[in-house]
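Report on the following structure.
Residue numbers (my numbering), protein chains in the order written: chain A, 2 to 392; chain B, 706 to 1017.
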């Protein structure tokens, strides 16, 4: 089959690889009908996430049709022919983390937990196509994929919603939603979102659904800010505006009540000397992540507010504004998305027309053109916001 | 996790080890303080080369003395053996190029060093052999009742499903079983074990019977976790590794770091208890052999041949 594989730093290639087979009794094989490129795939592409190996299949946002079911899946919980969306973190549903709905912290699904533990203190869940640190699972930018513990993870789509309506339930829609959910939005809250990429856009939509009074988008790509403005959100371009002053102006001097970092480890900074400082430290690996958005969110948030982090961090940061965080009673909340917790309620919101996930799609390409998709998405060519691939 | 290596405190009271430590000190002090005089006693000329060689040997002796008297470890004894061989090499060269003056003293020194070497080898070999009893502990929590978790562990023949080093456990009687394990360098080790304590829902303890190649024992304790979170499992394994400290170092070199292995064993036990089996990925298709597979298979489906091997 064809699959999009990582072939080294800044390089992916569509290769012929064997078709997947059942390795565990609760596996299912899915014939992929739609798959997407995620912003976090770019961190892998760039080589910022350790333990990638040449030939790894990329991709953790995918859906399709079940073509084979392992012998351990009983009671018709999943059947050949079912149409399913697959959440990116693999959860067992039985461990203490899963029982507490912390699915991305599942204690049982990462065969490389011993390595993950060295980086993170405690191991985290397995993730498809996301380095060997998260288990070394083959990804979904391919014609077929093996879904692990499929009966506990795959979400069956029974309605006739199109692929593009439900595909993003695999990651970016729940991730954006969790960013807003962690903000514990109250009546009258102003929510500022750093990053107007697909996850940021969905965080904004979710904040509005959850009752935010005003939603502010911060980015430097005008086309992405235009996309947010078209939904009625206020925008700040950090390349030509001082973000903190603009936020004070927009909030009567209070600062946003809730702040969402939808940027993560490869942020850019309006002031080039600050950007260069962190870029240089990252290049020599004396810090792995550039936390401009996080620093600014912490400094901007009103006292007692919440900073919710859904942008991906992989390692260490420098100059964390601990003084602002501590002295002003801020709450920092974060996590890789617990997708399984949000899929069903979000499917409901899509069916009710309250959220339209298709609005972020700008590029539709065949799987064989995946490398082009990475190029336009990474380099923000052709006003690219989200790339969907079809095998 | 911790290793409890009791060899340090035992060696501290070992007369032979202490004697060798003091011998090193008595030799080292004059060598460093008066290298020229010492070289004369050996019957070699007082040249710059001989003087500096003597000083260097003195520094080495003082280091060995500090180690043996301060933090005794078999490595210091082996260090002394290495030093002896160096000294013998130097003395042999001195004998070969000797100008005749003080030849008797050099011959006597060589004889003395040969005797010391024999003592050092004896000390190093005997102190190393019984110096590496190892105790490993690991803990995990499984979201099941103590009785359920106990029952799974009590099924001894399933231990190899999650314990990486075990190839087979066969129950041979109500309290006895036969164990087969892989060891470093691909050598298999087998032994008979006896269950010494068995308290349902609380404790299982076992010990290898006399005559086992590797004396080993272990116990696993089960206790209810607070907040209804299931069962806390604590495992302790004690064993004498073949080859003592050397064997331990070799095992580490070949990627079988015992702490890590026991930690991973428990993780897999938890996987079996909570999900039914050991989770495999394309990168680590061998299940319990995952750790030995780095760099791993790429995260892509396996070919038929790779599949056969991984599932074997």
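Glycine included, each C-beta is placed from N, C-alpha and C at the ideal position.
Nearest to residue 920(B) (by Cα), restricted to the options 973(B), 906(B), 782(B) and 838(B): Against the second chain, residue 920(B) aligns to sequence position 215. The shortest C-alpha separation from residue 920(B) is found at 838(B).
Selection of the stretch 203-217 of chain A by Cβ proximity to chain B, strictly under 9 Å: none
Chain B contact for residue 138(A) (CB, 8 Å cutoff): Along the first chain, one-based indexing puts residue 138(A) at 137. So, interface residue.
C-alpha distance - residue 844(B) paired with residue 158(A), whole-angstrom precision: Locating residue 844(B) in the second chain gives position 139, counting from the first residue. Locating residue 158(A) in the first chain gives position 157, counting from the first residue. Near 40 Å, if we compare the C-alpha coordinates of residue 158(A) and residue 844(B).
Span of the alpha helix (DSSP H), counted from its first residue to its last, around residue 154(A): Along the first chain, one-based indexing puts residue 154(A) at 153. Looking at the DSSP string, the run of the alpha helix (DSSP H) that includes residue 154(A) is 151-154.
Stretch-stretch touch, CB-based, cutoff 8 Å, three pairs: the stretch 150-170 of chain A with the stretch 330-348 of chain A: Yes, the stretch 150-170 of chain A is in contact with the stretch 330-348 of chain A.
Cβ contact check for the stretch 298-310 of chain A and the stretch 48-58 of chain A: 3 or more pairs under 8 Å: These segments do not touch.
Residues in the stretch 57-84 of chain A having any Cβ partner in chain B nearer than 7 Å: 57, 58 and 73
Below-8 Å beta-carbon distance, residue 990(B) vs any chain A residue: Numbered from its first residue, the second chain carries residue 990(B) at position 285. Chain A has a Cβ within less than 8 Å of the Cβ of residue 990(B).
Where residue 825(B) sits in the DSSP three-state scheme: One-based indexing of the second chain puts residue 825(B) at position 120. Looking at residue 825(B) - three-state DSSP - the assignment turns out to be helix.
Interface flag, residue 150(A) vs chain B, CB-CB below 8 Å: Taking the first chain and counting its residues from 1, the one referred to as residue 150(A) is at position 149. It does: the Cβ of residue 150(A) has a partner Cβ on chain B nearer than 8 Å.
CB-CB length for residue 874(B) against residue 938(B), believed under 8 Å: Walking along the second chain from the start, residue 874(B) turns up at place 169. Walking along the second chain from the start, residue 938(B) turns up at place 233. Contact flag wrong, Cβ pair sits at about 18 Å.
Among 743(B), 769(B), 814(B) and 866(B), nearest to residue 1017(B) - alpha-carbon criterion: Sequence index remark: in the second chain, residue 1017(B) carries index 312 (1-based). The shortest C-alpha separation from residue 1017(B) is found at 866(B).
Cβ-based contacts, 7 Å cut-off: residues of the stretch 961-983 of chain B near chain A: Taking 7 Å as the Cβ-Cβ cut-off, the stretch 961-983 of chain B approaches chain A at 965, 968, 969, 972, 975, 976, 979, 980, 981 and 982, given in chain order.
C-beta neighbour in chain B for residue 109(A), strict 8 Å: For this step, residue 109(A) is matched to residue 108 along the first chain. Yes, contact with chain B.
Where the alpha helix (DSSP H) containing residue 369(A) begins and where it ends: Here residue 369(A) corresponds to residue number 368 of the first chain, with the count starting at 1. Run containing residue 369(A): none; DSSP gives neither H nor E here.
Among 190(A), 143(A) and 137(A), nearest to residue 18(A) - alpha-carbon criterion: Position 17 of the first chain, counted from the start, is the residue given in the question as residue 18(A). Checking every option, the nearest Cα to that of residue 18(A) belongs to 143(A).
Proximal residues of chain B, C-beta to C-beta of residue 24(A) below 7 Å: Taking the first chain and counting its residues from 1, one reaches residue 24(A) at position 23. Chain B residues near residue 24(A): 985 and 990.
Residue nearest to residue 362(A) in terms of C-alpha spacing, selected from 388(A), 260(A), 373(A) and 380(A): Here residue 362(A) refers to the residue found at position 361 when the first chain is read from its first residue. Nearest option by C-alpha distance: 388(A).
6 Å Cβ shell around residue 871(B) - same chain, five flanking residues per side excluded: Here the question's residue 871(B) lines up with position 166 in the second chain. Correct list, in chain order: 864, 865 and 886.
Backbone CA spacing between residue 710(B) and residue 879(B) [nearest angstrom]: Sequence index remark: in the second chain, residue 710(B) carries index 5 (1-based). Sequence index remark: in the second chain, residue 879(B) carries index 174 (1-based). For residue 710(B), the predicted structure reports a pLDDT of 44, less than 50, and the residue's modelled location is therefore unreliable. A value from the coordinates is still provided. Going by the C-alpha atoms only, they are around 33 Å apart.
Chain A contacts made by the stretch 848-862 of chain B, where a contact means CB separation under 8 Å: 848
Cβ-heavy atom distance, residue 987(B) to the ligand ATP, below 7 Å: Looking for the ligand ATP in the displayed structure turns up nothing, as the structure carries no ligands at all.
Under 9 Å by beta carbon: chain B residues contacting residue 54(A): On the first chain, residue 54(A) is found 53 positions in, with the first residue counted as 1. Those are 988, 1000, 1001, 1002, 1003 and 1004, listed as they occur along chain B.
Any C-beta of chain B under 8 Å from that of residue 371(A): Against the first chain, residue 371(A) aligns to sequence position 370. It does not; no Cβ of chain B falls within 8 Å.
Minimum C-alpha distance to residue 238(A) - residue among 275(A), 193(A) and 64(A): Within the first chain, numbered from 1, the residue matching residue 238(A) stands at position 237. The residue with the shortest Cα to Cα distance from residue 238(A) is 193(A).
Rounded distance between the beta-carbons of residue 796(B) and residue 818(B), thought under 8 Å: Position 113 of the second chain, counting from 1, holds the residue named residue 818(B). Position 91 of the second chain, counting from 1, holds the residue named residue 796(B). Indeed they touch by this definition, with Cβ atoms about 6 Å apart.
Residue 787(B) burial status per 10 Å Cβ neighbour count (16 or more: buried): Looking up residue 787(B) in the second chain gives position 82. Exposed, since its Cβ has fewer than 16 Cβ neighbours within 10 Å.
Validate contact between the stretch 240-259 of chain A and the stretch 288-296 of chain A using beta carbons, cut 8 Å, 3 pairs: no
Span separating the alpha-carbon of residue 976(B) from that of residue 985(B): Start at 1 with the first residue of the second chain, and residue 976(B) comes out as number 271. Start at 1 with the first residue of the second chain, and residue 985(B) comes out as number 280. Looking at the two C-alpha atoms, the distance is approximately 11 Å.
Supposed contact pair residue 26(A) and residue 853(B) - C-beta distance, whole angstroms, cut 8 Å: Translated into the one-based positions of the second chain, residue 853(B) becomes position 148. Translated into the one-based positions of the first chain, residue 26(A) becomes position 25. That belief does not hold up - the Cβ atoms of residue 853(B) and residue 26(A) are roughly 20 Å apart, past 8 Å.
Segment contact, 8 Å Cβ cut-off, at least three pairs: the stretch 373-388 of chain A with the stretch 25-39 of chain A: The stretch 373-388 of chain A is in contact with the stretch 25-39 of chain A.
Own chain, CB closer than 6 Å to residue 942(B), minus 5 neighbours either side, in chain order: Residue mapping note: residue 942(B) aligns to position 237 of the second chain, counting from 1. Answer for residue 942(B): 841 and 923, listed in chain order.
Residues in the stretch 923-934 of chain B having any Cβ partner in chain A nearer than 8 Å: The stretch 923-934 of chain B vs chain A, Cβ under 8 Å: 934.
Buried versus exposed, by CB contacts within 10 Å (16 or more), residue 352(A): For the purposes of this step, residue 352(A) is taken as residue 351 along the first chain, with counting starting at 1. It is exposed - the Cβ of residue 352(A) has fewer than 16 other Cβ atoms within 10 Å.
Segment contact flag, the stretch 810-817 of chain B with the stretch 904-917 of chain B, C-beta cutoff 8 Å, min 3 pairs: Contact between the stretch 810-817 of chain B and the stretch 904-917 of chain B is absent: fewer than 3 CB-CB pairs across the two stretches fall below 8 Å.
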